[in-house]
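A.B. asks: Take this structure first; my questions come after.
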Amino acid sequence: MITRRLVSMLFGSLALAGAVFADELVVIAHPASGVVALERTQVVHLFLGRTRALPFGERATIYEVDAYRAPFYRQLVRQEIAEVDAYWARLRFSGRTQPPQLLEDGAAAVDRVAAEPHALAAVASADIDERVRVVFRLPLP
Amino acid sequence: MRGLERGTFMRGWGARAWVAVGLLCWGAASPAAQEDVTGAGMGLRLSGFGTLAASYHDAQDTQFRARADQREGAQAGRLETGVDSVLGVQADVQVDARWSSMAQVVVRKDGKGEWAPRLSWGFVKYSPTPGLELRAGRLGVDIYLDGDSPHVGYAYTTVRPYTDLYGQLSFDRFDGVDLRASAVVGEGELSLKLYGGRTRGEDYRGGHLFRREASTTLGATLQWESTALAMRLAWGQVRTPGDGLMPRLAGALREIAPLLPPELAAQAGTRAAEMEGRNSNLSYVGLGMTWRHGPWSAQLLGVDASMNRFPGFEGWGVGSTLAYRAGAWKPFLTYSRGMLTPGARPLALPADQAELAPIRAAYALATGLIANDQYAWGVGVRYDLMPNAALKLQLDRIEAKRSSMLLDGSGTSVGPRGVSVFTAALDFVF
Chain Y
0 MITRRLVSML FGSLALAGAV FADELVVIAH PASGVVALER TQVVHLFLGR TRALPFGERA
60 TIYEVDAYRA PFYRQLVRQE IAEVDAYWAR LRFSGRTQPP QLLEDGAAAV DRVAAEPHAL
120 AAVASADIDE RVRVVFRLPL P
Chain F
0 MRGLERGTFM RGWGARAWVA VGLLCWGAAS PAAQEDVTGA GMGLRLSGFG TLAASYHDAQ
60 DTQFRARADQ REGAQAGRLE TGVDSVLGVQ ADVQVDARWS SMAQVVVRKD GKGEWAPRLS
120 WGFVKYSPTP GLELRAGRLG VDIYLDGDSP HVGYAYTTVR PYTDLYGQLS FDRFDGVDLR
180 ASAVVGEGEL SLKLYGGRTR GEDYRGGHLF RREASTTLGA TLQWESTALA MRLAWGQVRT
240 PGDGLMPRLA GALREIAPLL PPELAAQAGT RAAEMEGRNS NLSYVGLGMT WRHGPWSAQL
300 LGVDASMNRF PGFEGWGVGS TLAYRAGAWK PFLTYSRGML TPGARPLALP ADQAELAPIR
360 AAYALATGLI ANDQYAWGVG VRYDLMPNAA LKLQLDRIEA KRSSMLLDGS GTSVGPRGVS
420 VFTAALDFVF
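Protein sequences appear in the order of chains Y and F. Counting in numbering that gives the first Met the number 0, the first sequence runs from 0 upward without gaps. Counting in numbering that gives the first Met the number 0, the second sequence runs from 0 upward without gaps.
See below:
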């Protein structure tokens, strides 16, 4: 885990600089989760760790894709990723809660959500397939 | 006064380390942790944080320190790395959806002026529902608005929490329990936290290191946080039984009382009684607010504190920061002020008796240990040079009428003086 984070720290800028995005990012859920749609506020609460519960009360597991984080939070909460990372440092290092798990790419995130009924992930719309359901859309400028 | 012997510290550290190891073994040995290291957040996670910092100033006979538990500060004309540098390593074990544990060890310069590890957090958490958490172990009090720990520099816009406010509150750990209930309310999260336990921490004042091993910490925090606005109301109290903080000085006053005129003898007896055998409360109430709008962010907080233990004090402090995010750059302005006014404890020992000089000096030191009246302006910039790492440059101008945070060359609280401190810091998390 530490090695992965160090590599991410060293080369994350290059990855972001080279990332190519679709027109929109989407939040996906498992079709059996019972979640049909989420409001923006609900997405903010879930992805910033303010709640771990899905609308029907189940504990949610949140996944992120490294390359999508910056545009996702810039559009969702109007904050630079450095501000979001500082926010998570506050929560993580006081034992409050852990940040969403980082995955390498959108395909890995879709695989996880397809396999876990209570998982959510933010991915590009181009990444999704019929195994998952889009519950929130976030158009990119 | 009670100095801290190294042997005592090392024995104490050994016990804490075993607690940390025990917590981790308990979690790591669980079936969930062994079977699933990455899925659904279960298993062991290792992470950490650190700050590499150097401070410089040119005010002669002055040491600048960030916290009252630091024995040494930055001295004139020398680059000092021990004021803000820190390394923290953390292990989290998620056993299942309800049970987890965490241990965090921080290495920084301690009250003896040595780099030493200490257990800053180490607890088992039980969360029966997503909105309810019960934790037991080594925990922290809820006084820091930017971060729940003063050591995670990456979580702060500035290099360090406000020295004038938080630097004085070094008893910020406890061994006990906390209970946190939270719920989403509108755009934000409303939470209430209650906590209590045995006080942990230390305080270096007047050439002596104080600990409060027998004290009890109690507190409550009400917080509402949304993306644009966060507000926190915190109350806390450190209760200390009457075990005598300054038994040697009190004993000396009782010894000389029969040699003094009746009025002075009564005064000395009263002061000795105040030092001995009296339960004391150190209480504080803090109110803080953080506001964010686009690239702008602002923070304002105030603390009111008092202590009835000898020599007692009334105090207050304010802190504010205004910052603007422009891409990777975040310039900021900061202002803080801290006042601690000791209670009136007159003791008019005759100045013409040389044999009383040591007691006069000791009494003056004891009553002036915590007196503080200073403010600080700061200007600086945070530059997020890569994911999870930020470089900060900060210049602080500190003006003090009297300060228990600044020290003179011999390590004692100082009178009027001003100092400009420049700090460069690299904060990182991993």
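Virtual Cβ for every residue (Gly too), placed ideally from N, Cα, C. No experiment lies behind these values; they were computed from the predicted model shown.
Does DSSP put MET101 (chain F) in a helix, a strand or coil?
C.D. replies: Taking the second sequence and counting its residues from 1, one reaches residue 101 (chain F) at position 102. The answer is strand: DSSP assigns MET101 (chain F) an E or B state.
A.B. asks: Nearest-angstrom Cα distance between VAL378 (chain F) and GLN393 (chain F)?
C.D. replies: For this step, residue 378 (chain F) is matched to residue 379 along the second sequence. For this step, residue 393 (chain F) is matched to residue 394 along the second sequence. One C-alpha to the other measures close to 6 Å.
A.B. asks: Roughly how many whole angstroms lie between the Cα atoms of ALA115 (chain F) and GLY81 (chain F)?
C.D. replies: Position 116 of the second sequence, counted from the first residue, corresponds to residue 115 (chain F). Position 82 of the second sequence, counted from the first residue, corresponds to residue 81 (chain F). Answer to the nearest angstrom: the Cα atoms are 11 Å apart.
A.B. asks: Alpha carbon to alpha carbon, what distance is there between ALA31 (chain Y) and GLY56 (chain Y)?
C.D. replies: Walking along the first sequence from the start, residue 56 (chain Y) turns up at place 57. Walking along the first sequence from the start, residue 31 (chain Y) turns up at place 32. Going by the C-alpha atoms only, they are around 14 Å apart.
A.B. asks: Given this structure, state the Cα-to-Cα distance separating ALA249 (chain F) from ALA353 (chain F), to the nearest angstrom.
C.D. replies: The residue you call residue 249 (chain F) lines up with position 250 of the second sequence. The residue you call residue 353 (chain F) lines up with position 354 of the second sequence. Rounded to whole angstroms, ALA249 (chain F) to ALA353 (chain F) spans 19 Å at the Cα level.
A.B. asks: On a CA-only basis, which of F:VAL85, F:GLY112, F:ASP163 and F:PRO129 is nearest GLY318 (chain F)? Give me that one, please.
C.D. replies: Numbered from its first residue, the second sequence carries residue 318 (chain F) at position 319. Minimum Cα distance to GLY318 (chain F) is reached at F:ASP163.
A.B. asks: Is the Cβ-Cβ distance between LEU24 (chain Y) and PRO70 (chain Y) less than 9 Å?
C.D. replies: Working through the first sequence from its first residue, we reach residue 24 (chain Y) at position 25. Working through the first sequence from its first residue, we reach residue 70 (chain Y) at position 71. Yes.
A.B. asks: Are the beta-carbon atoms of THR340 (chain F) and ALA370 (chain F) separated by less than 9 Å?
C.D. replies: If you number the second sequence from 1, residue 340 (chain F) lands on position 341. If you number the second sequence from 1, residue 370 (chain F) lands on position 371. Cβ atoms of THR340 (chain F) and ALA370 (chain F): closer than 9 Å.
A.B. asks: Do you know offhand how far ASP35 (chain F)'s Cα is from ASP65 (chain Y)'s?
C.D. replies: The residue labelled residue 35 (chain F) in the question sits at position 36 within the second sequence. The residue labelled residue 65 (chain Y) in the question sits at position 66 within the first sequence. In this prediction, ASP35 (chain F) has a pLDDT of 39, which is less than 50 and means its spatial position is unreliable; what the coordinates show is noted afterwards. So the two alpha carbons sit approximately 22 Å from each other.
A.B. asks: Using a C-beta to C-beta distance shorter than 9 Å, which residues of chain Y count as neighbours of ASP147 (chain F)?
C.D. replies: On the second sequence, position 148 is the one that residue 147 (chain F) refers to. ARG89, LEU90, PHE92, SER93, GLY94 and ARG95, listed in chain order.
A.B. asks: One question on the structure: do TYR334 (chain F) and SER296 (chain F) come within less than 9 Å of each other, judged by their Cβ atoms?
C.D. replies: Sequence index remark: in the second sequence, residue 334 (chain F) carries index 335 (1-based). Sequence index remark: in the second sequence, residue 296 (chain F) carries index 297 (1-based). No, the Cβ-Cβ distance between TYR334 (chain F) and SER296 (chain F) is not below 9 Å.
A.B. asks: Which residues in the same chain as ARG70 (chain F) place their Cβ atom closer than 8 Å to its Cβ, once the five residues preceding and following it in sequence are excluded?
C.D. replies: Here residue 70 (chain F) corresponds to residue number 71 of the second sequence, with the count starting at 1. Result list for ARG70 (chain F): LYS108, ASP109, GLY110, LYS111, GLY112, TYR203, LEU208 and GLY410, in chain order.
A.B. asks: When the Cα atoms are used, what is the spatial distance from VAL413 (chain F) to ALA375 (chain F)?
C.D. replies: Walking along the second sequence from the start, residue 413 (chain F) turns up at place 414. Walking along the second sequence from the start, residue 375 (chain F) turns up at place 376. Looking at the two C-alpha atoms, the distance is approximately 16 Å.
A.B. asks: So for SER225 (chain F), helix, strand or coil by DSSP?
C.D. replies: Stepping through the second sequence from its first residue, residue 225 (chain F) is reached at position 226. SER225 (chain F) falls in the coil class under three-state DSSP.
A.B. asks: Nearest CA to the CA of LEU189 (chain F): which residue from F:THR198, F:GLN59, F:GLY196 and F:ARG179?
C.D. replies: The residue given as residue 189 (chain F) occupies position 190 in the second sequence. Checked all of F:THR198, F:GLN59, F:GLY196 and F:ARG179; the closest Cα to LEU189 (chain F) is F:ARG179.
A.B. asks: Could you confirm whether any beta carbon from chain F is found closer than 9 Å to the beta carbon of ARG130 (chain Y)?
C.D. replies: Within the first sequence, residue 130 (chain Y) is the residue found at index 131, counting from 1. No, ARG130 (chain Y) does not count as interfacial toward chain F.
A.B. asks: Answer with yes or no whether the minimum CB distance from GLU186 (chain F) to chain Y is below 9 Å.
C.D. replies: The sequence position of residue 186 (chain F) within the second sequence is 187, counting from 1. Answer yes: the Cβ-Cβ gap between GLU186 (chain F) and chain Y drops below 9 Å somewhere.
A.B. asks: Closest Cβ-Cβ distance between LYS391 (chain F) and chain Y: below 9 Å?
C.D. replies: As a position in the second sequence, residue 391 (chain F) is number 392, starting the count at 1. It does not: the Cβ of LYS391 (chain F) has no partner Cβ on chain Y nearer than 9 Å.
A.B. asks: What does a CB cutoff of less than 6 Å around GLU186 (chain F) pick up in its chain, not counting 5 residues either side in sequence?
C.D. replies: Here residue 186 (chain F) corresponds to residue number 187 of the second sequence, with the count starting at 1. Same-chain partners within the cutoff: SER225.
A.B. asks: Looking only at its chain, what residues have a beta carbon closer than 8 Å to the beta carbon of ALA28 (chain F), apart from the 5 residues adjacent to it on each side?
C.D. replies: Here residue 28 (chain F) refers to the residue found at position 29 of the second sequence. At ALA28 (chain F), the pLDDT of 47 sits below 50, so the modelled position is not reliable and the matter cannot be decided from this model.
A.B. asks: Please report the Cβ distance between TYR62 (chain Y) and GLN100 (chain Y), rounded to the nearest whole angstrom; I am assuming they are in contact, meaning their Cβ atoms lie under 8 Å.
C.D. replies: If you number the first sequence from 1, residue 62 (chain Y) lands on position 63. If you number the first sequence from 1, residue 100 (chain Y) lands on position 101. At roughly 5 Å, the Cβ-Cβ gap stays under 8 Å, so TYR62 (chain Y) and GLN100 (chain Y) are in contact.
A.B. asks: Taking the continuous beta strand (DSSP E) assigned at PHE209 (chain F), which residues delimit it?
C.D. replies: For the purposes of this step, residue 209 (chain F) is identified with residue 210 of the second sequence, where counting begins at 1. Here the beta strand (DSSP E) through PHE209 (chain F) covers 207 to 210.
A.B. asks: Confirm, please, whether the CB-CB distance from LEU131 (chain F) to ASP177 (chain F) is below 9 Å.
C.D. replies: In the second sequence, residue 177 (chain F) corresponds to position 178, counting from 1. In the second sequence, residue 131 (chain F) corresponds to position 132, counting from 1. Their beta carbons are not under 9 Å apart, which means ASP177 (chain F) does not touch LEU131 (chain F) by this criterion.
A.B. asks: Count the other C-beta atoms from every protein chain shown that fall within 10 angstroms of the C-beta of TRP120 (chain F), then say buried if there are 16 or more, exposed otherwise.
C.D. replies: The sequence position of residue 120 (chain F) within the second sequence is 121, counting from 1. When all chains shown are included, TRP120 (chain F) counts as buried.
A.B. asks: If you follow the alpha helix (DSSP H) that ALA59 (chain Y) is part of, which residue opens it and which one closes it?
C.D. replies: The sequence position of residue 59 (chain Y) within the first sequence is 60, counting from 1. Per DSSP, ALA59 (chain Y) belongs to no alpha helix (DSSP H) and is neither H nor E.
A.B. asks: Based on the DSSP output, what are the partners of LEU300 (chain F) in its beta bridges?
C.D. replies: Locating residue 300 (chain F) in the second sequence gives position 301, where the first residue counts as 1. Its beta-bridge partners are F:GLY287 and F:GLY318.
A.B. asks: Count the other CB atoms, across all protein chains shown, that sit within 10 Å of the CB of ASP395 (chain F); report buried if there are 16 or more and exposed otherwise.
C.D. replies: Here residue 395 (chain F) is taken as the residue at index 396 of the second sequence, counted from 1. Buried, by the Cβ-count rule.
A.B. asks: Please check if any C-beta of chain F sits within less than 9 Å of the C-beta of GLU82 (chain Y).
C.D. replies: What you label residue 82 (chain Y) is simply residue 83 of the first sequence in a count that begins at 1. Taking Cβ atoms only, chain F reaches closer than 9 Å to GLU82 (chain Y), which makes this a yes.
A.B. asks: Who are GLU201 (chain F)'s beta bridge partners in DSSP?
C.D. replies: The sequence position of residue 201 (chain F) within the second sequence is 202, counting from 1. Paired residue(s): F:ARG210.
A.B. asks: Can you confirm whether GLN222 (chain F), when its beta carbon is compared against all beta carbons of chain Y, has any partner nearer than 9 Å?
C.D. replies: Mapped onto the second sequence, residue 222 (chain F) falls at position 223. Judged by the 9 Å Cβ criterion, GLN222 (chain F) is not in contact with chain Y.
A.B. asks: Closest by CA to LYS391 (chain F), which one among F:MET274, F:GLY408, F:VAL420 and F:THR156?
C.D. replies: On the second sequence, position 392 is the one that residue 391 (chain F) refers to. If we check each option's Cα against that of LYS391 (chain F), F:THR156 comes out closest.
A.B. asks: Can you find a C-beta in chain Y that's less than 9 Å from the C-beta of ARG324 (chain F)?
C.D. replies: Counting from 1 along the second sequence, the entry for residue 324 (chain F) is found at position 325. For ARG324 (chain F), the answer is yes, since a Cβ of chain Y falls inside 9 Å of its Cβ.
A.B. asks: Which of the residues in the stretch 45 to 72 of chain Y, read from start to end, lie with their CB under 7 Å from any CB of chain F?
C.D. replies: So the list reads ARG49, THR50, ARG51, ALA52, ARG58 and THR60, given in the order they occur along the chain.
A.B. asks: Which stretch, first to last residue, makes up the beta strand (DSSP E) that contains GLU132 (chain F)?
C.D. replies: Taking the second sequence and counting its residues from 1, the one referred to as residue 132 (chain F) is at position 133. Unbroken beta strand (DSSP E) run through GLU132 (chain F): 131 to 139.
A.B. asks: Work out the CA separation of ASP126 (chain Y) and GLY105 (chain Y) for me, nearest whole Å.
C.D. replies: In the first sequence, counting from the first residue as 1, residue 105 (chain Y) sits at position 106. In the first sequence, counting from the first residue as 1, residue 126 (chain Y) sits at position 127. When rounded, the distance between both Cα atoms is 6 Å.
A.B. asks: Find the residues of chain Y that neighbour MET230 (chain F), judging by a C-beta separation of less than 9 Å, and give them in chain order.
C.D. replies: Numbered from 1 along the second sequence, position 231 holds the residue referred to as residue 230 (chain F). Within chain Y, no residue comes near MET230 (chain F); the closest Cβ sits about 15 Å away, beyond 9 Å.
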